[in-house]
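So for the first sequence, my numbering puts the first residue at 1019; every next one is plus one.
Even glycine gets a Cβ: it sits at the ideal position worked out from N, Cα and C.
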Amino acid sequence: MPPARRQPARRPLSNAEVARALREMALFLEMRDVPFKPRAYEKAALAVEALDRPLHEIAAERGLAGVEELPGIGRGIGRRIHELLETGRMEDLEALRRETPVDIVGLTSIEGLGPKGVRVLYEALGVRTLEDLERACREGRVRSLPHFGERSERKILRGLELLAGTAGRQLLGLVLPVARAIEARLREVPGVERADAAGSLRRRRETVGDLDFVVAARDFEAVARAFVELPDVVHVHARGETKAMVRLANGLDADLRVVEPECHGAALCYFTGSKAHNVALRRLAQRQGLKLNEYGLFRGEKRIAGRTEEEVYEALGLAFIPPELREDRGEIEAALEGRIPELIGYGELRGDLQIQTDWTDGSASIEEMVEAARALGLSYIAITDHTRDLAMTGGSDEARLLEQAEAIRKLNARLRGFRVLSGAEVNIRPDGSLDIADEVLARLDVVGAAIHGSFRQSREVATRRVLRAMENPHVDILFHPTARSIGRREPVDLDIDAVIAAAVRTGTVLEIDAMPDRLDLKDEYVRRAVEAGCLLAVDSDAHQPSHLAYAGELGIAVARRGWATRAHVVNAQSVERCLALLKDGRKGPGGRPRRTGRSAGSTSRGRRRAGRH
DNA sequence: GCCGTTTTCGGCCCGACTGTTTTCAGTCG
């Protein structure tokens, strides 16, 4: 077959694109008042988004059967997804688009406008796009439609403005301080007993789409007033007696819900979500003849739980489920069986194993980083400045690394109750070799290896590259394994299961890099690593003193979302234990491969049992 | 269209706010 006859290769559709098509189906069906199906398509869209591997891979490996096996996807939607992946089109969706040729996703993204409204606008005024809608509102043609009025027109125009100013989901690390400041202000309102940020922020998802605040108070009016008068508020979407919605200056929307203190736990649970977790909880309640809503858990008219979350879970026969696990990914089954692990806590880091200083591209001296680490309650840090290949950062060569190690030795002689470890963040070259000689790596306390370039290699090449670096007997930790930058740079295409298997085999620790735009490994991969018995390091990757706090805040959040316990995290141990874990299982003196017998899994399982006490 | 401690049919989470309504539909979370 001559090459010219071949079809040009079409880029496989991403999960996000498949989910968008499913969501569009849901909106069109909703518009046509089709019962139940919209919910099914929405649920399927969520399921697709939750996958940790591309659908097109699953389809390529297992065909239609592999797709239909996914939760929330059955024969009908499975067949349509398959069609979409094979042909790039979904005929049923195309038919709906032909019948009602409107930008339904765009139009319904306006606050307060849903599919029913879009239908009326299209049928009466021929509105198809956001531009059509803006024109119709400006010309005053919308106000005469049924269920619309002058207020609706103004609301839509304002919605269009706000849409233009929305930044979409924002990094957890940037939003967290904003949320905390709002919590603090709400707690100052007289009569407020509790004020908490809920939603995906409380679950510590890596990005946040909006903020939710749950306040327990007697005087609802005072809380709502304080909320809409927050200095950050640029627009009030809605304001009722117990509820308010506003737009903040950073482009995020924030919701407030005020409840009686008796309901606080139920409300906090409800507004923490996730939606899938809530639905599963409600079904569980229903099967027990109970009703769960934001006011409590009820048997008939009688509230049997609601003041605290713990009370609600207990009354449902569940162990308490930490917010970070509430994604309906097996946590409810685990809670029923008492299998919720004791997650690593936010105050449990004792060291930090990735820190840059003014020896390369950091802004502070080793001593300044030590002081900042001490202030956070840490008792050891590793100095891991960049190496030769990263010339832009003034990366160290062998001689300079040894010079720095000597400076650290002298510093340690002066320090009391604190230990500085010598180290490096060596560069993994495109072929998997390192940019620092083994003889020098052998003399450092902590060797991290990381990818800093050639990000677009094929999966095979990139995986081979990383595995080769991990096989180096001196490499202790794989730093920011996929080298992603959230919202900016795609992760390196790695066979993550192969990397995890190699980590177990070689005794290499996988890092959770806690910089807000990295969070790498990400939560789903952490969970797979934990299940495989990998050891983890939770590091700040700090380039200045203020970055150090990211490890205990964002890094631990990712570890918890990955179901990690303290036993899984090497730098939650004493410095001696940490070093032993890093160096354990290295090649023996005879240069034989590391023993594979030391599985991190058996270590962590053993320690986990011990850690119960 | 999906799913199963109500299992292959008959259910499908629940309540507040808004704007247009004189009793409620649409939207949102």
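Check, Outcome
"Residues bridged to residue 1636 [DSSP beta-bridge criterion]", "No statement about residue 1636 is possible, as the shown extent of the chain runs from 1019 to 1631 and does not include it."
"Under 7 Å between C-beta atoms of residue 1503 and residue 1535", "yes"
"Straight-line gap, residue 1370 to residue 1248 (C-alpha atoms, nearest Å)", "37 Å"
"Euclidean distance between Cα positions of residue 1235 and residue 1329", "19 Å"
"Inter-residue Cα distance where the pair is residue 1556 and residue 1402", "14 Å"
"Local Cβ density within 10 Å of residue 1165, reported as buried at 16 or more and exposed below that", "exposed"
"Whole runs of the beta strand (DSSP E) within the region 1373-1440, excluding any shorter than 3 residues", "1398-1401"
"Residue 1255 beta carbon less than 7 Å from that of residue 1129", "yes"
"Residue 1606 burial status per 10 Å Cβ neighbour count (16 or more: buried)", "Reliability fails at residue 1606, whose pLDDT of 34 lies under 50, so the model's placement of it is uncertain and no value is given."
"DSSP-derived helix/strand/coil call for residue 1225", "strand"
"Residue 1459 versus residue 1398: straight-line alpha-carbon distance, rounded", "20 Å"
"Simplified DSSP state of residue 1502, which is helix, strand or coil", "coil"
"Outcome for residue 1396 when other beta-carbon atoms lying within 10 angstroms are tallied against a minimum of 16", "buried"
"Helix, strand or coil at residue 1458 according to DSSP, with G and I counted as helix", "helix"
"Cβ-based burial, residue 1491 [other Cβ within 10 Å; buried from 16]", "buried"
"Contacts around residue 1057, its chain only, beta-carbon distance under 8 Å, and the 5 residues preceding and following it disregarded", "1044"
"Cβ pair residue 1437, residue 1587 closer than 7 Å", "no"
"For residue 1589, three-class secondary structure by DSSP", "helix"
"Range covered by the alpha helix (DSSP H) that runs through residue 1480", "1477-1489"
"Every unbroken beta strand (DSSP E) inside the region 1047-1116 [3 residues or more]", "none"
"Environment of residue 1410 [buried if 16+ CB atoms lie within 10 Å]", "exposed"
"Best match in 1175, 1454, 1241, 1163 for proximity to residue 1214 [C-alpha to C-alpha]", "1241"
"C-alpha gap between residue 1081 and residue 1272, whole angstroms", "42 Å"
"Three or more C-beta pairs below 8 Å linking the region 1147-1161 and the region 1192-1204", "no"
"Helix, strand or coil at residue 1446 [DSSP, three-state]", "strand"
"Distance between beta carbons of residue 1583 and residue 1340, contact taken as under 8 Å", "Between residue 1583 and residue 1340 the Cβ distance is about 12 Å, and since that is not below 8 Å, they are no contact."
"Local Cβ density within 10 Å of residue 1217, reported as buried at 16 or more and exposed below that", "buried"
"Burial state of residue 1320 (16 or more Cβ within 10 Å)", "exposed"
"Any 3 or more C-beta pairs closer than 8 Å across the region 1566-1581 and the region 1218-1237", "yes"
"For residue 1567, three-class secondary structure by DSSP", "helix"
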